[in-house]
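Reviewing the structure listed below.
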């Protein structure tokens, strides 16, 4: 949700006589030990007043290029840099990092990599203090920056007390306080809730409004960023310049090429590509939900009014990469059969896909949340919900799960879970049952307690009060080896789980804990590396991977042991669209085979597309749970918990025409095939 929507056909115009804040010519960067440069030949300019979006597949060198802009590469991180690179007229290769830092403000992909002090106020003041500014100006800048990102009231707290999204906002505040003419942000909104994203983009819009500062943005969430961006620069998979032009010239005119390359596009653009293939006349591709609504309202329907929408057409995807074939039945990678202690779900007949419920059938609903009598604070989930029906049918994963009660032996049981951190209570008496074979999305605003709940389920945090059982095992009493067999966990920050010196050893570690034969360890590790495109990185240190490669490695380490429960915190963070699609397809395959999948995500479109059930966490309590269609259509619930409907739902619910499309929330339910 862009903070300041504007006409994409009329971007801000940089002053022709203004010196370029960034000038890069055929820049190639080769890390120590690497065989190829990434980027291989990056050329771009950024002028005052511009917001430039840098796109490209994972591993194309986007983050590497940003680290070179303030001299960290090669002055702190050894690498060979070829080409011309200037920032604010300074030769980057010949200018000390301390000097460059006054010209370039950086927000890293991992906010923890730049937080060094004991309070939020000290953290934001640290940069201006190093510029030797007067005390009054230092404090004034720090206060303004913290207020801008909504953290001023917590200025005396330790950064460790913040959620992942809170630390992301703190890192952005640090960059804002420096007042540098060029602000470089690498995935700045990846861990932010919709409200936090809106605040950040409002701040960025204010920064460039005066015309004397500029922003270089690396971002995958284009639905949020597109309203701010003037120009788009695209690197291909080899780090070569692929496109450089206005938002219209690149995202609209070359959308199909970018999609085939595996680059993220706005959800509204993806939807339009599908609808075009179904015969809808959409001459100008939309970039925002409002544009998609207007385009559809102006387009005649190519289908008879009585024609049903297809419910199983696949998401538009790029050609599958060699590593994305389905898991063979003979594969050494386990398909995570349910634990022996877990009883199967009821075997009642699945819901019919052809016979609707009789019109006279009474609607069966149940109140959900801690205050079942307060309709304003809970949602009611209909047993006839189309999304519930789809979830029950998906790959046979739920096998007609009873609506009124959970399975007799759920995969995960949480009872009266209370967790405190630093004197504050993060979770307050949480109860939750998760059935074997469910795909659960846990959502909520930053600081709501989502990650803490997921970590408690995975045994990363041992519950001091209450209980968590996974497959009948009490996680508070289980040793590491037992936990590794029960649940695989992916941290929000992949670097937090790396403990070895090579990519191969990182994947093999969980198997070695199980004391498997060496031949089996080698075979299963090699399979995971191939599946995630990391075979050529087997001997590389995990910390030298790109952000997207680190995320794939972290997911691979969780999958390799074949645990029957997978818990993933922001699993698509840092991934290009092709790799994200592959990962989600793999999770879907495992889920269809019986693996229980729990995902924490701020990506509400991902939630709509893949989840069977959504759990809303608010202020340390479970506020609501139910089918995605029911949760995501309750605007009052979303607003009160700091969430927002996914982009496609926002576009479709606003339609004046095409009534058959108004309840569509998933790309998979739109007519049309892959573009």
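Residue numbers (my numbering): 45 to 719.
Note that the Cβ used here is the ideal one computed from N, Cα and C, for glycine as well.
- Residue 286 carries a strand assignment under DSSP once its states are collapsed to helix, strand and coil.
- Runs of the alpha helix (DSSP H) lying entirely within the segment 135-203, each at least 4 residues long, are 141-144, 164-174, 179-192 in chain order.
- Closest in C-alpha terms to residue 291, from the list 221, 310, 282, comes 310.
- Annotation for residue 163: 200 place their beta carbon closer than 6 Å to its own, counting only its chain and skipping 5 residues before and after.
- Distance from the CA atom of residue 196 to the CA atom of residue 240, rounded to whole angstroms, is 14 Å.
- Taking 8 Å as the upper bound for CB-CB distance, residue 279 and residue 151 are not in contact here, some 20 Å apart.
- The C-alpha of residue 614 is placed about 20 Å away from the C-alpha of residue 670.
- Only residues of its own chain outside the window of five on either side were considered, and among them 65, 66, 96, 258, 260 have a CB closer than 6 Å to the CB of residue 90, listed in chain order.
- Looking at 695, 127, 709, the one whose alpha-carbon comes closest to that of residue 340 is 695.
- In the three-state reduction of the DSSP assignment, residue 210 falls in the helix class, which pools H, G and I.
- Partner residues in the beta bridge of residue 75, as assigned by DSSP, are 123.
- Straight-line measurement puts the Cα of residue 562 at about 34 Å from the Cα of residue 74.
- Nearest neighbour of residue 303 by Cα position, chosen from 242, 637, 505, 625, turns out to be 625.
- The beta carbon of residue 122 lies closer than 7 Å to those of 76 in the same chain, with the five residues before and after it left out.
- Around the Cβ of residue 535, a 10 Å sphere holds 16 or more other Cβ atoms; the residue is buried.
- The three-state secondary structure of residue 591, taken from DSSP, is helix.
- Within the DSSP secondary-structure output, residue 662 pairs in a beta bridge with 665.
- Distance from the Cα of residue 112 is smallest, within the candidate group 134, 692, 100, 93, for 134.
- Three or more pairs of CB atoms, one per stretch, sit closer than 8 Å, so the segment 471-489 contacts the segment 637-655.
- Annotated three-state conformation of residue 89 is strand, per DSSP.
- Within 10 angstroms of the beta-carbon of residue 232 lie 16 or more other beta-carbons, which makes it buried.
- Within a 10 Å sphere around the beta-carbon of residue 234 sit 16 or more other beta-carbons, which makes this residue buried.
- In the DSSP assignment, residue 511 falls outside any alpha helix (DSSP H) and within the unbroken beta strand (DSSP E) covering 509-514.
- Relative to the Cα of residue 167, the nearest Cα in the group 117, 333, 212, 319 belongs to 212.
- Note on geometry: alpha-carbon atoms of residue 82 and residue 590 lie some 10 Å from one another.
- Nearest neighbour of residue 667 by Cα position, chosen from 169, 316, 492, 110, turns out to be 492.
- Counting along the chain, residue 252 sits inside the alpha helix (DSSP H) bounded by residues 238-253.
- Boundaries around residue 613 are those of the beta strand (DSSP E), 609-613, since no alpha helix (DSSP H) includes it.
- Straight through space, the alpha carbons of residue 145 and residue 564 are spaced by roughly 49 Å.
- Distance between residue 295 and residue 465, taken at the CA atoms: about 44 Å.
- Membership of residue 563 in the alpha helix (DSSP H) is indicated by the continuous run 562-575.
- Here the C-alpha atom of residue 575 lies approximately 24 Å from the C-alpha atom of residue 502.
- Rounded to the nearest angstrom, the gap between the Cα atoms of residue 496 and residue 92 is 42 Å.
- Distance from residue 528 to residue 507 at the Cβ level is roughly 18 Å; contact not present, criterion being Cβ atoms closer than 8 Å.
- Between the alpha carbons of residue 210 and residue 154 lies a gap of roughly 12 Å.
- In the structure shown, the three-state DSSP call for residue 128 is strand.
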